[in-house]
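K.L.:
One structure is given below, represented as C-alpha cells, and several questions about it will come after.
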Amino acid sequence: MHPTQKPIALIEHLIEISSKENDIVLDCFAGSGTVGRAALNLNRKYLLIEKEQKYIDLINERLS
C-alpha cells in the first residue's frame, strides 16, 4: 500500500514495549496507517500526521 510500509507485527511489538494500554501513540509520517492499526489492535489511542492526500484516504479506509 505504501513504498516504505512496515510489517504490522514489528510495529505492534515496538508499541507494546514502549507504551501501556490507553496511551497515545504518535506517528508524524503516517504513510499507510500501520501505526494506527497496530495501536487499535493493542488498545492504544493514536495521532497520525500525513500530508499526502492519497495516503490520508488510504489511512481513513484502513482504520474505518
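When we follow this note's numbering, the leftmost residue of the sequence shown carries the number 50, and every step to the right adds one. Beta carbons: idealized from backbone N, C-alpha and C, even for Gly.
Which residue wins for smallest C-alpha separation from E65, given the options D76, A88, S81 and H51?
P.N.:
Looking at the Cα atoms, A88 is the closest of the given residues.
K.L.:
Would you identify the three-state DSSP class for K103, choosing helix, strand or coil?
P.N.:
Residue state, collapsed to three classes: helix.
K.L.:
Give the C-beta separation of R93 and E70 to the nearest angstrom, bearing in mind that I take them to be a contact with Cβ-Cβ under 8 Å.
P.N.:
Yes, they are in contact, since the Cβ atoms of R93 and E70 sit about 7 Å apart, within 8 Å.
K.L.:
What first and last residue would you give for the alpha helix (DSSP H) that runs through L63?
P.N.:
Its alpha helix (DSSP H) spans residues I57 to S67.
K.L.:
Are there 16 or more other CB atoms within 10 angstroms of the CB of I60, so buried, or fewer, so exposed?
P.N.:
Answer is buried; the Cβ neighbour count reaches 16.
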